[in-house]
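Chains as they are written, first to last, in our numbering: chain A, 46 to 155; chain B, -14 to 97.
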C-alpha cells in the first residue's frame, strides 16, 4: 500500500516548456486534489476531481490543466511554464473527513 | 469567497513551553481539520472537528471548535522538539462543499 505517490520529485523547466505531473493513489478514493505551496501562502487549490472523468477548478487554476481518465490517477499539466509557477506541488486524495498527501514535486521555472 | 486566517504566522518557543495557534473563518464551517507538515515534508492529517464547541485531545495536543463554528484552536502543552513544523487548519464552508480551504499555517520552531 503506497498511499499517494507523485512523479517526478524535482524538475527544472525553462520558460515556455511544458510538462505533466503525475499523481497516483491506491486507496480507491473518489476525490483527488492538486495544490501548490508557496512560502507564507499555505496550500492553494489548483484543480480537483470528485470522480473518474470529472475535474473542477480550484482557487488558482490559470495556467494549469488536469485530467482524471482513471480513478487512481490525476494528472496536472503545464502547457507553457512561467516563472510564477515555481512552487512545490502536492497531490492529495481522500474524502471530506481526511486528505492524504503525496510527497510533493518541487518545480523550478527559469 | 471563503477565507481561513491563521495566527500567528510564526511562533518560536523554548522546549517545554506551551503553544497555541488560532484559526478564523470568514464564513461558518461545516467541519474543521488540522494538518501538520514537518520541514521538507508533506501535510499529514491530525484530526477533524465537526460539532459546535467540540474539544478533542491527542496526548499533549488539544483541539477546539468554536460555538459559532467559525474559529478553532490548537494548543500544545509542554512542547517537544518533535512538535516542530507548520500547523494548518482547513475547513469546508458549507454542507456539501467539495473544496477544503486551508489557512496559511503557523510555523512552530523550538529552542531545545
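Cβ coordinates follow ideal geometry from the N, Cα and C atoms, glycine included. As the structure is a prediction and not an experimental result, all values here were calculated from the model.
Compute the distance between the beta-carbons of residue 123 of chain A and residue 108 of chain A, then report whether it is under 8 angstroms. Locating residue 123 of chain A in the first chain gives position 78, where the first residue counts as 1. Locating residue 108 of chain A in the first chain gives position 63, where the first residue counts as 1. Contact flag set, yes.
C-alpha distance - residue 90 of chain A paired with residue 100 of chain A, whole-angstrom precision: Taking the first chain and counting its residues from 1, one reaches residue 90 of chain A at position 45. Taking the first chain and counting its residues from 1, one reaches residue 100 of chain A at position 55. Residue 90 of chain A and residue 100 of chain A have their C-alpha atoms roughly 13 angstroms apart.
State buried or exposed for residue -12 of chain B, treating a residue as buried only when at least 16 other CB atoms are found within 10 Å of its CB. By 1-based counting over the second chain, the position of residue -12 of chain B is 3. With fewer than 16 other Cβ atoms within 10 Å, it is exposed.
Tell me which residue opens and which closes the beta strand (DSSP E) that residue 32 of chain B is part of. Numbered from 1 along the second chain, position 47 holds the residue referred to as residue 32 of chain B. Counted as a single uninterrupted DSSP element, the beta strand (DSSP E) harbouring residue 32 of chain B occupies residues 29 to 34.
Do we get a CB-CB distance below 8 angstroms when we pair residue 89 of chain B with the residues of chain A? Stepping through the second chain from its first residue, residue 89 of chain B is reached at position 104. Yes, because at least one Cβ of chain A sits closer than 8 angstroms to the Cβ of residue 89 of chain B.
Since residue 47 of chain B and residue 60 of chain B are thought to touch, with beta carbons under 8 angstroms apart, how far apart are those beta carbons, to the nearest angstrom? To locate residue 47 of chain B, count along the second chain from 1; it is residue 62. To locate residue 60 of chain B, count along the second chain from 1; it is residue 75. About 5 angstroms separates the beta carbon of residue 47 of chain B from that of residue 60 of chain B, a gap short enough to meet the 8 angstroms contact definition.
Rounded to whole angstroms, what is the Cα-Cα separation between residue 31 of chain B and residue 20 of chain B? The residue you call residue 31 of chain B lines up with position 46 of the second chain. The residue you call residue 20 of chain B lines up with position 35 of the second chain. Rounded to the nearest angstrom, the two C-alpha atoms are 5 angstroms apart.
What do you get for residue 23 of chain B, buried or exposed, if any count of 16 or more other CB atoms within 10 angstroms of its CB means buried? As a working mapping, residue 23 of chain B is identified with position 38 in the second chain. Looking at its Cβ environment, which holds fewer than 16 other Cβ atoms inside 10 Å, residue 23 of chain B is exposed.
For residue 90 of chain B and residue -4 of chain B, what's the separation of their Cα atoms in angstroms? Position 105 of the second chain, counted from the first residue, corresponds to residue 90 of chain B. Position 11 of the second chain, counted from the first residue, corresponds to residue -4 of chain B. The alpha-carbon of residue 90 of chain B is positioned some 11 angstroms away from that of residue -4 of chain B.
What residue range is occupied by the uninterrupted beta strand (DSSP E) comprising residue 110 of chain A? In the first chain, the residue the question calls residue 110 of chain A occupies position 65. Counting along the chain, the beta strand (DSSP E) containing residue 110 of chain A begins and ends at 110 to 112.
Bridge partners of residue 143 of chain A, per DSSP? Sequence index remark: in the first chain, residue 143 of chain A carries index 98 (1-based). Answer is A:140, bridged to residue 143 of chain A.
Taking CB distances under 8 angstroms as the criterion, tell me whether residue 73 of chain B reaches chain A. In the second chain, the residue the question calls residue 73 of chain B occupies position 88. Yes - at least one Cβ of chain A is within 8 angstroms of the one on residue 73 of chain B.
Taking 6 angstroms as the limit between beta carbons, can you name the residues of its chain near residue 92 of chain B, skipping five residues before and five after? Position 107 of the second chain, counted from the first residue, corresponds to residue 92 of chain B. Counting only Cβ-Cβ distances below 6 angstroms, and skipping sequence neighbours, we find -5, 71.
Sequence-distant residues of the same chain with beta carbon closer than 8 angstroms to residue 37 of chain B, five excluded per side: As a first step, residue 37 of chain B is located in the second chain; it is residue number 52 there, counting from the start. 50, 51, 52, 53, 54.
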